[in-house]
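So the sequence lines, in the order shown, correspond to chains A and B. Anchor point for the first sequence: position 24 equals 24 in the working numbering, and the numbering is continuous, going up by one each time. Here the working numbering runs 95 ahead of the position in the second sequence, where the first position is 1. For each residue, glycine too, the CB sits at the ideal point set by N, CA and C.
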Amino acid sequence: MSKKDWPLWEVFIRSKAGLHHKHAGSLHATDEEMAMENARDVYTRRQEGISIWVVESKNITASVPDDGDMLFDAAKTKPYRHPTFYDIPDEIGHM
Amino acid sequence: MENKEVLFDYVLRIADNALILGHRVSELCGHGPSLETDIGLTNIALDLVGHARVLLQYAADVEGKGRTDDDLAFLRDIREFKNVLLVEQPNGNFANTIARQFLFDTFNYHFFAALTNSKDENLVAIAKKSIKEVTYHYRYSAEWVIRLGDGTEESHEKMQSALNEIWDYAGEMFVADEVDKQMLAEGIGVDLNAIKALWEERVTAILKEATLDKPEDGWIQKGGKQGKHTEQMGFVLAEIQWMQRAYPGMEW
Chain A
1 MSKKDWPLWE VFIRSKAGLH HKHAGSLHAT DEEMAMENAR DVYTRRQEGI
51 SIWVVESKNI TASVPDDGDM LFDAAKTKPY RHPTFYDIPD EIGHM
Chain B
96 MENKEVLFDY VLRIADNALI LGHRVSELCG HGPSLETDIG LTNIALDLVG
146 HARVLLQYAA DVEGKGRTDD DLAFLRDIRE FKNVLLVEQP NGNFANTIAR
196 QFLFDTFNYH FFAALTNSKD ENLVAIAKKS IKEVTYHYRY SAEWVIRLGD
246 GTEESHEKMQ SALNEIWDYA GEMFVADEVD KQMLAEGIGV DLNAIKALWE
296 ERVTAILKEA TLDKPEDGWI QKGGKQGKHT EQMGFVLAEI QWMQRAYPGM
346 EW
């Protein structure tokens, strides 16, 4: 089993209940089980998480950097889309 | 032997299995076959050394001669180490490392699970604390046996040879001597026959899934539990102990 053949996986960790999974990094593994074990060993050894998602990198569709102007720049001139006029109560917590 | 001495010996055996295997696996830190397996094995090594530490602390308390866990780890001579011969065997290639780990982890998982029912409160507490990690090891090494056995032709062949080479060392874990018998009779120790049945069942199932042949039982290499070790053990102790031997009392 040559390491060159191991597919790349992306790892997402939920650090505590109520928070969403965040991208933690990537790793190599031959299958889902190994990806899960490796994610546990590499990314949660200092109590970083309580839940792990792994997904093979090839299954992620990413935006193309060259499309940046078209996709994102237009939003720069639309500050009214930010809910800046609302007070968020403290009890809401993470937003 | 007095009760206290028997218990001391019994705890040392459990502690030394963890210490010596932990040391062996730690030799791979920075040398694992991939970043992921390197860190996975290093985690296991750290877990085992952690188990060794609490067990040696308890052994030192039982002995009651003012020795500490460090004294027991760094200043005992070879004949006073009571680990099974299996755990002192060298890492070899990755399949050798996994074969040794799989045979031991399967034993260790059932052993610690049984130890949670001991009449000795300290052993119960230690077993309950360690079993989570031991359960992970038990799964980790079995997964690798399946992956290598049912992998490529080359990985299958290496995994099979690794099992064949180490097999004679597995039997010692289940050979009960006077210490084991007395501890069992007192409700402190574990019934090794019961562990053996559970071990056989699991090992047989995993090897079948891994498309590997279970090696024939034959000669059992034993003696470690009584302090009689293979030539490998001297190298392990030299590495573990040289610093305390060269600079007595050194701390950092």
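Do Tyr-235 of chain B and Glu-37 of chain A count as a contact pair if the criterion is CB distance below 9 Å? yes
C-beta neighbour in chain A for Thr-211 of chain B, strict 9 Å: no
Closest to Asn-203 of chain B by CA distance: which of B:Ile-290, B:Glu-304 and B:Gly-313 is it? B:Ile-290
Need the endpoints of the alpha helix (DSSP H) that Leu-287 of chain B sits in, please. That run of the alpha helix (DSSP H) goes 287-304.
Rounded to whole angstroms, what's the CA-CA distance from Met-1 of chain A to Lys-76 of chain A? Just pull it up for me. Model confidence at Met-1 of chain A stands at a pLDDT of 47, short of 50, so the residue's coordinates are unreliable; what they give is reported in the following sentence. Distance from the CA of Met-1 of chain A to the CA of Lys-76 of chain A, rounded to the nearest whole angstrom, comes to 49 Å.
Output the boundary residues of the beta strand (DSSP E) element that contains Ala-35 of chain A. Where Ala-35 of chain A is concerned, there is no enclosing beta strand (DSSP E), although the alpha helix (DSSP H) it sits in stretches over 32-43.
6 Å CB neighbourhood of Ala-35 of chain A in its chain, flanking five on each side removed: Trp-9, Ala-29 and Val-54
Alpha carbon to alpha carbon, how far is Glu-252 of chain B from Leu-19 of chain A? One C-alpha to the other measures close to 46 Å.
Quickly, what does DSSP pair Trp-9 of chain A with across the bridge? List them, please. Paired residue(s): A:Leu-27 and A:Glu-56.
Does chain B have any CB closer than 9 Å to the CB of Asn-38 of chain A? yes
On the DSSP bridge assignment, give the partners of Ser-51 of chain A in chain order. A:Arg-14
So for Lys-22 of chain A, helix, strand or coil by DSSP? Three-state DSSP puts Lys-22 of chain A in a strand.
9 Å Cβ cutoff, Val-42 of chain A in contact with chain B: yes
Looking at the C-beta of Trp-6 of chain A, does it have a partner C-beta in chain B at a distance below 9 Å? yes
So Gly-318 of chain B and Leu-180 of chain B are in contact, right, with Cβ under 8 Å, and what is the actual spacing, rounded? 7 Å
Does the distance from the C-beta atom of Leu-123 of chain B to that of Ala-147 of chain B stay below 9 Å? no
Is Tyr-43 of chain A buried or exposed, if buried means 16 or more other CB atoms sit within 10 Å of its CB? Under this definition Tyr-43 of chain A is a buried residue.
Taking 9 Å as the threshold (beta carbon to beta carbon), is Glu-33 of chain A in contact with chain B? yes
The stretch 44-60 of chain A: which residues have C-beta closer than 9 Å to a C-beta of chain B, in chain order? Arg-45
Tell me which residues share the same chain as Gly-322 of chain B and place their Cβ nearer than 7 Å to its Cβ, disregarding the 5 neighbours each side in the sequence. For Gly-322 of chain B, same chain residues with a beta-carbon under 7 Å away, outside a window of 5 residues either side, are Arg-174, Glu-175, Phe-176 and Lys-177 in chain order.
Just checking: is the beta-carbon of Ala-29 of chain A within a distance shorter than 9 Å of some beta-carbon in chain B? yes
Assigned secondary structure, Val-106 of chain B (DSSP; H/G/I helix, E/B strand, else coil): helix
Can you tell me whether Gln-47 of chain A is buried or exposed? The criterion is at least 16 other CB atoms within 10 Å of its CB, across all chains shown. exposed
Quick check on Lys-78 of chain A: does DSSP put it in helix, strand or coil? Of the three classes helix, strand and coil, the one that applies to Lys-78 of chain A here is coil, per DSSP.
Val-179 of chain B by DSSP, collapsed to three states: which one? coil
With a threshold of 7 Å on Cβ separation, who are the neighbours of Asp-164 of chain B within its own chain once the five nearest residues in sequence on each side are excluded? Arg-148, Leu-151, Gln-152 and Ala-155
Can you tell me whether Met-1 of chain A is helix, strand or coil according to DSSP? Bear in mind that a pLDDT of 47 at Met-1 of chain A, under 50, signals an unreliable position, so the model cannot answer this.
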